[in-house]
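Engineer: In our numbering, the protein residues as written are 5 to 253. Glycine included, C-beta positions come from ideal geometry on N, C-alpha and C. Take this structure first; my questions come after.
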């Protein structure tokens, strides 16, 4: 489990925590409030950094995707231009020149397919990263609201204590309290999830590795078939497909 996911889980727990109940059940509410304020302040700083990092990664992924789709369109246009030159050369009786341009068209089509595949592979990752950023933002906003409430409650408690001291002529007794880390349960849960993921990965790897060679052969054949099909469509006067909209062979 990544560090980003750990921050996301912790912010979610703190955003949902019933801090009012924690304070009400504490032996010394003022000390409990001080501890919670420290916890929330520290985690808000960490979540701020996580949001900035996740958002920066999202922008990089989106830029790469835009570059891949643009490259796919450009290679498609070059494939069409090379195919037309091949047709002109063939019509003029220059078969060797025609074959040269057809080979250039094939190369351009291969690169177009590669760019399309990279763009398509990035799309679910971009969607997932967008969801992470939005969830972090929502959790961060909720944590800030809870922090504001905690600080207001502490201020009221301090004001009440001062009034009591003024009335009684002596300070209230202060009792120490051992505050439990509100993220301890989450840490144990995350550790168990990591162990389960490791076991699942260990079981899957042998089967996957045994199939790698065969799938690579299938991919090579599929690529060649797609190149041939696209070149044939160019010969028939069909325009190259736009990025993100591959035409089936």
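1. DSSP three-state call for residue 74: helix, strand or coil?
2. Measure the C-alpha to C-alpha separation of residue 144 and residue 84 and round it to an integer number of angstroms.
3. Nearest CA to the CA of residue 128: which residue from 234, 39, 69?
4. Here's the rule: buried if 16 or more other CB atoms are within 10 angstroms of the residue's CB, otherwise exposed. What is residue 80?
5. Closest to residue 78 by CA distance: which of 116, 149, 106 is it?
6. Alpha carbon to alpha carbon, how far is residue 37 from residue 162?
7. Three or more C-beta pairs closer than 8 angstroms, one from the segment 43-55 and one from the segment 89-109: is that the case here?
8. Can you list, in chain order, the residues of its chain whose CB lies under 7 angstroms from that of residue 175, leaving out five sequence neighbours each side?
9. State yes or no: is the C-beta of residue 17 nearer than 8 angstroms to some heavy atom of the ligand COA?
10. Using three-state DSSP, classify residue 60 as helix, strand or coil.
11. Near residue 126, what residues of its chain come up, given a Cβ to Cβ distance below 8 angstroms and the 5 sequence neighbours on each side ignored?
12. Is it right to say residue 229 is buried, meaning 16 or more other beta carbons lie within 10 angstroms of its own, or is it exposed?
13. If you draw a straight line from the alpha carbon of residue 46 to that of residue 155, how long is it in whole angstroms?
14. Going by other Cβ atoms of all chains shown within 10 Å of its Cβ, with 16 needed for buried, is residue 15 buried or exposed?
15. When you compare the CB positions of residue 150 and residue 233, do they come within less than 9 angstroms of one another, or not?
16. For residue 46, which of helix, strand or coil comes out of DSSP?
17. In angstroms, rounded to a whole number, what distance separates the CA positions of residue 29 and residue 157?
18. What would DSSP say about residue 188, mapped onto helix, strand or coil?
19. In terms of alpha-carbon separation, which member of 160, 91, 58 lies closest to residue 132?
20. Write down the C-beta distance between residue 82 and residue 119 rounded to the nearest angstrom, noting that I regard them as a contact closer than 8 angstroms.
21. Whose C-beta lies closer than 6 angstroms to the C-beta of residue 60 among residues of the same chain, with five residues either side of it excluded?
22. Measuring straight from C-alpha to C-alpha, what distance separates residue 122 and residue 139?
Structural biologist: Looking at the atomic coordinates:
1. In the displayed model, residue 74 falls within a helix according to three-state DSSP.
2. Computed Cα separation, rounded: 51 angstroms.
3. Residue 128 has its Cα closest to that of 69, out of 234, 39, 69.
4. By the 10 Å Cβ count, residue 80 comes out buried.
5. Of the candidates 116, 149, 106, the one whose C-alpha sits nearest the C-alpha of residue 78 is 116.
6. Counting only the Cα atoms, residue 162 lies some 11 angstroms from residue 37.
7. Segments in contact, no.
8. Low local confidence applies: a pLDDT of 48 at residue 175 is under 50, so the model's placement there is unreliable, with the coordinate-based value given in what follows. Result list for residue 175: 169, in chain order.
9. Absence of the ligand COA from the depicted structure is noted, as is the absence of any ligand whatsoever, leaving it without description.
10. Residue 60 sits in a helix when the DSSP states are folded into three classes.
11. Closer than 8 angstroms at Cβ, skipping near neighbours: 65, 68, 69, 72.
12. Result: exposed.
13. In a straight line, the C-alpha of residue 46 is about 14 angstroms away from that of residue 155.
14. Classification of residue 15: buried, given that the 10 Å Cβ count is 16 or more.
15. In this structure, residue 150 keeps its C-beta atom at 9 angstroms or more from the C-beta atom of residue 233.
16. In the structure shown, residue 46 adopts helical secondary structure according to DSSP, grouped into three states.
17. Each residue's alpha carbon lies about 15 angstroms from the other.
18. Reliability fails at residue 188, whose pLDDT of 47 lies under 50, so the model's placement of it is uncertain and the value that follows must be treated cautiously. In the three-state reduction of the DSSP assignment, residue 188 falls in the helix class.
19. Comparing Cα positions, the closest option is 58.
20. Not confirmed; about 12 angstroms, so no contact.
21. The answer is none, since no qualifying residue turns up.
22. Separation of residue 122 and residue 139 (C-alpha to C-alpha, rounded to the nearest whole angstrom) is 26 angstroms.
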